[in-house]
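Visitor:
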Amino acid sequence: MDIIILGPVSQACMKLEQAIVKTVVKLGIDAHIMHNMDESEQRKYEELEPPILLINNQVVCSGHVPDQTEIESLLQEHVE
1 MDIIILGPVS QACMKLEQAI VKTVVKLGID AHIMHNMDES EQRKYEELEP
51 PILLINNQVV CSGHVPDQTE IESLLQEHVE
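Written out as C-alpha coordinates, the structure reads:
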(Lines of atoms letter the chains of each structure in order from A; the text may use other names.)
(Lines give C-alpha, C1' and ligand atoms only; values in the text may rest on other atoms or scores of the structure.)
Protein backbone atom coordinates (compact mmCIF):
# COMPACT_ATOMS: atom_id res chain seq x y z
CA MET A 1 0.00 0.00 0.00
CA ASP A 2 1.28 3.46 -0.90
CA ILE A 3 0.20 6.26 1.41
CA ILE A 4 0.96 9.90 0.64
CA ILE A 5 0.25 12.88 2.87
CA LEU A 6 0.28 15.85 0.52
CA GLY A 7 0.72 19.31 1.96
CA PRO A 8 3.16 21.78 3.46
CA VAL A 9 5.04 21.34 6.69
CA SER A 10 2.23 22.12 9.12
CA GLN A 11 0.81 20.84 12.37
CA ALA A 12 -2.10 19.20 10.56
CA CYS A 13 0.12 17.35 8.09
CA MET A 14 2.51 16.21 10.82
CA LYS A 15 -0.37 15.08 13.02
CA LEU A 16 -1.86 13.11 10.13
CA GLU A 17 1.50 11.51 9.32
CA GLN A 18 1.97 10.42 12.95
CA ALA A 19 -1.57 9.01 13.10
CA ILE A 20 -1.05 7.09 9.84
CA VAL A 21 2.23 5.57 11.06
CA LYS A 22 0.64 4.58 14.37
CA THR A 23 -2.35 2.98 12.65
CA VAL A 24 -0.26 1.12 10.05
CA VAL A 25 1.81 -0.40 12.86
CA LYS A 26 -1.28 -1.21 14.92
CA LEU A 27 -2.99 -2.97 12.02
CA GLY A 28 0.18 -4.65 10.76
CA ILE A 29 -0.26 -3.24 7.26
CA ASP A 30 2.64 -3.34 4.81
CA ALA A 31 2.77 0.26 3.62
CA HIS A 32 5.11 2.85 2.16
CA ILE A 33 4.33 6.21 3.80
CA MET A 34 5.52 9.52 2.38
CA HIS A 35 4.88 13.17 3.24
CA ASN A 36 5.09 14.99 -0.08
CA MET A 37 5.70 18.71 0.31
CA ASP A 38 6.37 19.35 -3.39
CA GLU A 39 4.42 22.45 -4.41
CA SER A 40 4.09 21.32 -8.04
CA GLU A 41 2.45 18.09 -6.86
CA GLN A 42 0.15 20.04 -4.53
CA ARG A 43 -1.00 22.22 -7.45
CA LYS A 44 -2.48 19.10 -9.09
CA TYR A 45 -4.97 19.07 -6.22
CA GLU A 46 -5.37 22.83 -5.78
CA GLU A 47 -9.15 22.52 -5.40
CA LEU A 48 -8.57 20.49 -2.20
CA GLU A 49 -7.44 21.78 1.19
CA PRO A 50 -4.41 20.18 2.85
CA PRO A 51 -3.67 17.86 4.38
CA ILE A 52 -4.57 15.61 1.46
CA LEU A 53 -4.41 11.88 2.11
CA LEU A 54 -3.87 9.59 -0.86
CA ILE A 55 -3.94 5.81 -0.63
CA ASN A 56 -2.70 3.99 -3.73
CA ASN A 57 -2.93 7.29 -5.67
CA GLN A 58 -6.60 7.82 -4.73
CA VAL A 59 -7.65 10.85 -2.67
CA VAL A 60 -9.47 9.51 0.38
CA CYS A 61 -9.51 12.56 2.64
CA SER A 62 -8.67 16.26 2.54
CA GLY A 63 -9.00 19.40 4.60
CA HIS A 64 -8.87 17.80 8.03
CA VAL A 65 -7.10 15.21 10.15
CA PRO A 66 -9.43 12.23 10.47
CA ASP A 67 -9.85 10.59 13.87
CA GLN A 68 -8.30 7.20 14.64
CA THR A 69 -11.46 5.25 13.77
CA GLU A 70 -11.75 6.92 10.36
CA ILE A 71 -8.07 6.32 9.60
CA GLU A 72 -8.41 2.64 10.47
CA SER A 73 -11.47 2.36 8.23
CA LEU A 74 -9.78 4.13 5.31
CA LEU A 75 -6.71 1.91 5.54
CA GLN A 76 -8.69 -1.31 5.89
CA GLU A 77 -10.75 -0.42 2.80
CA HIS A 78 -7.55 -0.28 0.75
CA VAL A 79 -5.66 -3.31 2.04
CA GLU A 80 -4.63 -5.38 -0.98
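FYI, UniProt numbering numbers position 49 of the sequence shown as 49, with every residue one higher than the one before it. Every residue, glycine too, gets a C-beta built ideally from N, C-alpha and C. This structure is a prediction, so every number in the text was calculated from the model and none was measured.
With burial defined as no fewer than 16 other Cβ atoms inside 10 Å of the residue's Cβ, what is the status of Val65: buried or exposed?
Guide: buried
Visitor: Excluding the 5 residues preceding and the 5 following Ile52 in the sequence, name in chain order all residues of the same chain whose CB lies nearer than 7 Å to its CB.
Guide: Leu6, Gly7, Tyr45, Val59, Ser62
Visitor: Determine the extent of the alpha helix (DSSP H) in which Ile71 is found, giving its start and end residues.
Guide: 68-77
Visitor: Where does Glu77 land, buried or exposed, given buried means 16+ other C-beta within 10 angstroms?
Guide: exposed
Visitor: Ser10 by DSSP, collapsed to three states: which one?
Guide: coil
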